[in-house]
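Whatever position you read off the sequence shown (first residue = 1), add 398 for my numbering.
Notes for the one structure printed next.
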Amino acid sequence: MTSLSGSTTSRLRLREMACPDSWTAAVLETPFAPDGGPHPDYQAAVDCLLTHLEPFEHTIGQEVMLQFDRCRPDAEISLLRTNARIWQPEIGLGVWPNQDAPTTWTKEEFLAAAPGTLRPVMYRVFRVQTEDPAAQISAWKALLGSGVLIRIATSKPGGFLPAATAFLQPRITDVSLESFPFYIPLLTEGALAHPHPAFTAELDAWLPACKGYMRESEEDGGLLVLSRQLPEQFWGALAKTKPPFDAVRLTRD
Numbered sequence: 399m400t401s402l403s404g405s406t407t408s409r410l411r412l413r414e415m416a417c418p419d420s421w422t423a424a425v426l427e428t429p430f431a432p433d434g435g436p437h438p439d440y441q442a443a444v445d446c447l448l449t450h451l452e453p454f455e456h457t458i459g460q461e462v463m464l465q466f467d468r469c470r471p472d473a474e475i476s477l478l479r480t481n482a483r484i485w486q487p488e489i490g491l492g493v494w495p496n497q498d499a500p501t502t503w504t505k506e507e508f509l510a511a512a513p514g515t516l517r518p519v520m521y522r523v524f525r526v527q528t529e530d531p532a533a534q535i536s537a538w539k540a541l542l543g544s545g546v547l548i549r550i551a552t553s554k555p556g557g558f559l560p561a562a563t564a565f566l567q568p569r570i571t572d573v574s575l576e577s578f579p580f581y582i583p584l585l586t587e588g589a590l591a592h593p594h595p596a597f598t599a600e601l602d603a604w605l606p607a608c609k610g611y612m613r614e615s616e617e618d619g620g621l622l623v624l625s626r627q628l629p630e631q632f633w634g635a636l637a638k639t640k641p642p643f644d645a646v647r648l649t650r651d
């Protein structure tokens with residue numbers, strides 16, 4: 399990889415990753431709370447991305463969600479309780495495209511597992527209501543940097559969730575997990591590179607009616623950013639600003 403600007407250890411890095419054609423992917427590298435983060439410039443860096451990347455800047459609709467099983471009782475869950483009337487969260491299921499479809503424990507798993515070693519059964523996501531845009535803004539500002547947020551910029555109001563659910567739900571084979579109101583992909587760098595056979599598909603199938611996707615990703619060490627732009631459009635737009643991060647591009651032949 400080559401750095402586009404002089405890098406210091408104190409600056410954030412926006413690291414490009416391999417991605418299917420017609421999309422650009424990168425990770426804004428930072429730890430999240432409570433692991434010493436986020437970086438002091440994280441909010442400014444995220445604001446820069448939202449302001450200057452066309453899919454987010456000119457989105458027709460958007461979704462803001464919480465990765466509920468990453469929420470801490472004394473922090474994010476407390477905020478969720480306090481703001482429940484405003485945010486009006488709806489529960490859905492997150493699906494990892496690089497893993498087996500989620501299932502409940504088998505009897506054999508339950509009996510054989512040592513205390514505290516049972517795998518997670520599901521990864522729930524809470525959707526902030528879309529009728530009042532102020533609710534989404536409130537949730538985003540309150541939770542940014544906590545490591546639990548997802549933001550999706552859509553090309554059609556109300557189009558993403560039904561289409562994503564139509565793609566993901568048939569791949570859920572455990573009847574106890576088939577009845578959530580909606581399903582969304584929990585994307586990672588690993589999922590982009592090595593999807594599970596059950597979920598092998600074009601990125602457009604994972605993100606239908608979607609222009610941009612952000613997820614605070616513990617797995618990737620920062621904010622995963624996917625933008626439906628060619629790399630020259632993505633990086634060209636950011637180069638016109640003075641971003642509070644160093645851009646680290648993939649080396650291309």
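Note that CB positions come from ideal geometry on N, CA and C, so glycine has one too.
#1: Give a yes or no on whether the C-beta atoms belonging to P555 and V526 are separated by under 8 Å.
#2: Tell me which same chain residues have a C-beta within less than 8 Å of the C-beta of M399, skipping the five on either side of it?
#3: What ranges does the beta strand (DSSP E) occupy inside the stretch 593 to 640, keeping only unbroken runs of at least 3 residues that lie completely in it?
#4: Between the stretch 621 to 630 and the stretch 442 to 462, do three or more beta carbon pairs fall short of 8 Å?
#5: When we look at the beta-carbon of H437 and count the other beta-carbons within 10 Å, is it buried (16 or more) or exposed?
#6: Strictly by DSSP, which residues pair up with F578?
#7: Terminal residues of the continuous alpha helix (DSSP H) containing G588?
#8: Would you list the one or two residues that DSSP bridges to A551?
#9: Please name the residue, chosen from A607, E506, I475 and G434, that lies closest to F558 on a Cα-to-Cα basis.
#10: Hey, could you find the ends of the alpha helix (DSSP H) L559 is sitting in?
#11: Sort M612, L447 and E529 by Cα distance to T586 and report the nearest one.
#12: Output the boundary residues of the beta strand (DSSP E) element that contains R411.
#13: What do you reckon, are the CB atoms on K638 and T457 nearer than 8 Å?
Judging by the given coordinates:
#1: By one-based count along the sequence shown, residue 555 stands at place 157. By one-based count along the sequence shown, residue 526 stands at place 128. No, they are not a contact pair.
#2: In the sequence shown, counting from the first residue as 1, residue 399 sits at position 1. Low per-residue confidence applies at M399: pLDDT is 47, beneath 50, and the placement is therefore not dependable, though the value from the model is reported in the following sentence. Within its own chain, the residues whose Cβ lies closer than 8 Å to the Cβ of M399, once the five positions on either side in sequence are excluded, are R413, E414, V646, R647, L648 and T649, listed in chain order.
#3: Residue ranges of uninterrupted beta strand (DSSP E) with 3 or more members, entirely inside the stretch 593 to 640 and ordered along the chain, are 608 to 615 and 620 to 625.
#4: Judged by pairs of C-beta atoms under 8 Å, the stretch 621 to 630 touches the stretch 442 to 462, as three or more such pairs exist.
#5: Within the sequence shown, residue 437 is the residue found at index 39, counting from 1. Label assigned to H437: buried.
#6: As a working note, residue 578 is residue 180 in the sequence shown. DSSP, once it has assigned bridges, lists no residue as partnering F578.
#7: Reading the sequence shown from its first residue, position 190 is the one you call residue 588. Per DSSP, G588 belongs to the alpha helix (DSSP H) from E587 to A591.
#8: Residue numbering aside, residue 551 sits at position 153 when the sequence shown is read from its first letter. Beta-bridge partners of A551 (DSSP): Q460 and G610.
#9: Mapped onto the sequence shown, residue 558 falls at position 160. Looking from the CA of F558, the closest CA among A607, E506, I475 and G434 belongs to A607.
#10: The residue given as residue 559 occupies position 161 in the sequence shown. Its alpha helix (DSSP H) spans residues F558 to L566.
#11: If you number the sequence shown from 1, residue 586 lands on position 188. Of M612, L447 and E529, the residue nearest in Cα terms is M612.
#12: Looking up residue 411 in the sequence shown gives position 13. Boundaries of the beta strand (DSSP E) harbouring R411: L410 to M415, taken from the DSSP string.
#13: Translated into positions along the sequence shown, residue 638 becomes position 240. Translated into positions along the sequence shown, residue 457 becomes position 59. Contact: no.
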